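A.B. asks: Our numbering applies: residue 79 is where the sequence shown begins, and numbers increase by one.
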Amino acid sequence: MRSEERHHRLLALARQAGRVEVAVAAADFRVAPETIRRDLSALERRGLVRRTHGGAYPVESAGFETNLAQRVTLHVESKRRIAAEGVKLLDGAETIFVDEGYTPQILAALLPTDQPLTVVTASLSTAAAVAESDNTTVLLLGGRVRARTLATVGSWACAMLSGFVIDLAFMGSNGISREFGLTTPDPVVADVKAKAIEVSRRRVFLGHHGKFGASSFCRFAEVADFEAIVTDTGLSSAEAHRYTLLGPQVIRV
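1. For the alpha helix (DSSP H) that contains V277, what are its first and last residues?
2. Please look up how many angstroms separate the CB atoms of S201 and A229, rounded, as I've assumed it's under 8 Å.
3. Does DSSP put M249 in a helix, in a strand, or in coil?
4. Do you know whose CA, among V243, A187, A292, F290, lies nearest R281's CA?
5. Give the single residue among Y180, W234, L239 whose Cα lies nearest to the Cα of H286.
6. Among G291, T227, A274, R279, which one has its Cα closest to the Cα of R256?
7. Between which two residues does the beta strand (DSSP E) harbouring T113 extend?
8. In its own chain, which residues sit with a C-beta less than 6 Å from the C-beta of G253, not counting the 5 before and 5 after it?
9. What does the alpha-carbon distance come out to for the pair M249 and M79?
10. How many Å lie between V277 and A187 at the Cα?
11. Between the segment 314 to 327 and the segment 205 to 223, do at least 3 Cβ pairs fall closer than 8 Å?
12. Using the C-alpha atoms, what's the distance from F258 back to A205?
13. Looking at A268: is its Cβ nearer than 8 Å to the Cβ of C296?
14. With which residues is Q327 paired in a DSSP beta bridge?
15. Would you give the residue range spanned by the alpha helix (DSSP H) that G164 belongs to?
16. Evaluate L189 with the Cβ neighbour count: other Cβ atoms within 10 Å of its Cβ, from every protein chain shown; 16 or more gives buried, anything less gives exposed.
17. Looking only at its own chain, which residues have a Cβ that is under 8 Å from the Cβ of A70, when we skip the five neighbours before and after it?
18. Between the Cα of H86 and those of A134, G241, D117, K271, spot the shortest distance and give me the residue it belongs to.
19. Just tell me which of V165, V109, A92, R222 has its CA closest to the CA of P136.
20. Taking P136 as part of the beta strand (DSSP E), name the residues at either end of that continuous run.
21. Considering only their Cβ atoms, is the gap separating L284 from I174 smaller than 8 Å?
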């Protein structure tokens with residue numbers, strides 16, 4: 079099998095399963111593990127995957143994005159820890175923006191129900207997760223619903239956001255890097271995220287360590303826009319420190 083064909087198949091496997099393992103791929107392709115490592119390094123240089131210990135994760139791009147069904151099965155325990163830590167940063171906020179994505183959705187379900195809160199979101203799933211609380215007012219942004227994420231986008235969503243002043247925004251992204259900031263594949267999604275950043279007094283980023291160092295097509299924020307970043311311990315302490323030098327506190331759980 080030629081290297082170009084292996085690259086194509088490795089990328090397809092990573093995008094289908096959410097991760098590719100060096101040992102498994104080497105056995106399937108009947109090549110040495112070092113060959114697979116070189117292949118994954120080549121894919122990483124092209125911005126298509128992110129290397130991790132023993133394998134790689136796919137990078138979401140203009141041509142590839144995971145859907146909600148995939149997101150609810152990947153790194154679930156890490157996402158739950160991140161969401162639980164994120165809730166601790168409320169610090170008296172009464173109006174909250176909760177971004178689309180599975181980690182913010184988990185966070186929304188953990189929000190306190192014994193105090194009045196107003197939750198603004200573009201995510202149908204997140205709205206459903208908090209709508210039953212008597213003390214929570216849910217404002218669902220209007221616009222076109224993206225089938226892939228069940229979140230609204232477009233000018234209606236942005237116009238609605240522009241009329242608010244929000245205490246705290248819990249944000250996600252498809253990639254975050256010190257060089258390119260926070261990115262997402264779709265321009266209309268980036269517009270909604272950027273508007274949420276603009277109208278919020280405080281911002282917290284929630285994200286699995288596999289998102290770090292990755293960049294997608296559309297930039298919507300800088301790392302310095304955030305007061306805190308909450309991730310898991312898969313992000314090394316050294317790399318976390320590099321992000322703190324840009325402004326935010328980095329919390330690893």
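Even for Gly, the Cβ is constructed at its ideal location relative to N, Cα and C.
This structure is a prediction, so every number in the text was calculated from the model and none was measured.
C.D. replies: Once the coordinates are examined:
1. Counting from 1 along the sequence shown, the entry for residue 277 is found at position 199. Residues 265 to 277.
2. Within the sequence shown, numbered from 1, the residue matching residue 201 stands at position 123. Within the sequence shown, numbered from 1, the residue matching residue 229 stands at position 151. 5 Å between Cβ atoms; contact.
3. What you label residue 249 is simply residue 171 of the sequence shown in a count that begins at 1. The answer is strand: DSSP assigns M249 an E or B state.
4. In the sequence shown, the residue the question calls residue 281 occupies position 203. Looking at V243, A187, A292, F290, the one whose alpha-carbon comes closest to that of R281 is V243.
5. Stepping through the sequence shown from its first residue, residue 286 is reached at position 208. Among Y180, W234, L239, the Cα nearest to that of H286 belongs to Y180.
6. If you number the sequence shown from 1, residue 256 lands on position 178. When only C-alpha atoms are compared, the closest one is G291.
7. In the sequence shown, residue 113 corresponds to position 35, counting from 1. No beta strand (DSSP E) contains T113, which is instead part of the alpha helix (DSSP H) from 111 to 123.
8. The residue given as residue 253 occupies position 175 in the sequence shown. Here the set comprises T261, K289, A292, S293, S294.
9. For the purposes of this step, residue 249 is taken as residue 171 along the sequence shown, with counting starting at 1. For the purposes of this step, residue 79 is taken as residue 1 along the sequence shown, with counting starting at 1. Cα to Cα, the separation comes out at about 42 Å.
10. Position 199 of the sequence shown, counting from 1, holds the residue named residue 277. Position 109 of the sequence shown, counting from 1, holds the residue named residue 187. Approximately 23 Å, taken between the alpha carbons.
11. no
12. Indexing the sequence shown from 1 puts residue 205 at position 127. Indexing the sequence shown from 1 puts residue 258 at position 180. If I take the Cα positions, the gap works out to 30 Å.
13. What you label residue 268 is simply residue 190 of the sequence shown in a count that begins at 1. What you label residue 296 is simply residue 218 of the sequence shown in a count that begins at 1. Result yes, Cβ atoms of A268 and C296 sit closer than 8 Å.
14. Looking up residue 327 in the sequence shown gives position 249. DSSP lists A306 as partners of Q327.
15. Against the sequence shown, residue 164 aligns to sequence position 86. Note, G164: alpha helix (DSSP H), 154 to 165.
16. Here residue 189 refers to the residue found at position 111 of the sequence shown. By the neighbour-count rule (16 or more Cβ atoms within 10 Å), L189 is buried.
17. This structure leaves residue 70 out entirely; the chain is present only between 79 and 331.
18. Here residue 86 corresponds to residue number 8 of the sequence shown, with the count starting at 1. Per the Cα distances, D117.
19. Within the sequence shown, numbered from 1, the residue matching residue 136 stands at position 58. Minimum Cα distance to P136 is reached at A92.
20. Within the sequence shown, numbered from 1, the residue matching residue 136 stands at position 58. Element bounds for P136: 133 to 136.
21. Indexing the sequence shown from 1 puts residue 174 at position 96. Indexing the sequence shown from 1 puts residue 284 at position 206. When the beta-carbon positions are compared, I174 and L284 stay at least 8 Å from each other.
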